[in-house]
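Let me begin by presenting the structure, written as structure tokens, before commenting on it.
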Amino acid sequence: MTFSATPASVPSVYLAGFEVFRPDAADTGRAMKALCAEYGFRGIFPLDKDIRPLPDRLDTARAIFEGNVRLVRQADFVIANLNAFRGAEPDAGTVFECGLAYALGKPLYAHLADARDQAERLAAEIDPATGLHRDGMNVENFGLPVNLMLAIPATVVEGGLEDALRRASADLAAGVLSFG
């Protein structure tokens with residue numbers, strides 16, 4: 323079910339995720355935004371800012387940070403790709419954007435290809451005798467697919483962006499998703 327919004331009432335969604343690191347990030351962002359439009363949302367991709375490389379790399383990094391913060395603030399809600407990135411955990415920048423969205427009171431949706439709980443997903447790396455992960459530490463075991471600091475404030479959907487958009491659209495139509 324898709325939500326039909328009038329142009330003045332089209333909710334905007336910030337698309338947090340590691341897709342910005344893809345070699346084809348601009349094309350990927352356009353495709354993601356087109357998919358948002360199919361579900362009645364205006365997609366905001368992290369590259370939707372006019373940031374030119376500055377002579378100093380740190381100044382460029384600051385400009386990117388400030389631009390992304392502005393984009394999160396502009397959005398009505400956030401959908402985050404919480405799939406593992408360069409390891410077993412989500413991308414750190416995406417996690418920051420989720421925390422920022424939560425602090426700003428914005429609804430938060432997330433998608434995971436595998437939404438089994440962490441202990442189940444990491445079972446092969448857990449010592450059955452000690453219950454410890456191969457790194458020697460405990461694994462969070464609350465039946466959640468990601469760390470509780472992400473899973474509790476977010477509506478986590480198994481699948482991809484389209485699955486999260488479908489859920490957000492249904493929630494909006496049902497009055498579960500609203501914007502302050």
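The end of the sequence shown is residue 502 by the numbering used here, with every number in the run present. Backbone N, C-alpha and C define an ideal beta-carbon position, used for all residues, glycine too. It should be emphasised that the depicted structure is a prediction, and the values quoted were computed from it without experimental measurement.
| Asked | Found |
| --- | --- |
| Tell me whether the beta-carbon of Ala473 lies closer than 7 Å to the beta-carbon of Leu466. | yes |
| The beta strand (DSSP E) spanning Ser334 covers which residue range? | 334-338 |
| Looking at C-alpha atoms only, which residue of Ala492, Tyr361, Leu393 is the closest neighbour of Asp372? | Leu393 |
| Going by DSSP, what residues sit across from Arg364 in a beta bridge? | Ser334 |
| To the nearest angstrom, how far is it from the Cα of Arg438 to the Cα of Leu376? | 43 Å |
| Between which residues of its own chain and Gly482 is the CB-CB distance below 6 Å, once the five residues before and five after are set aside? | His433 |
| Pro345 to Met354, Cα distance in whole Å? | 15 Å |
| Please classify Glu432: does DSSP put it in a helix, a strand, or coil? | Checking the sequence shown, residue 432 turns out to be Ala, not Glu. The answer is strand: DSSP assigns Ala432 an E or B state. |
| I'd like the span of the alpha helix (DSSP H) that includes Glu419, first residue to last. | 414-425 |
| DSSP on Val468, reduced to helix/strand/coil? | coil |
| What is the residue span of the alpha helix (DSSP H) that Phe387 lies within? | 379-396 |
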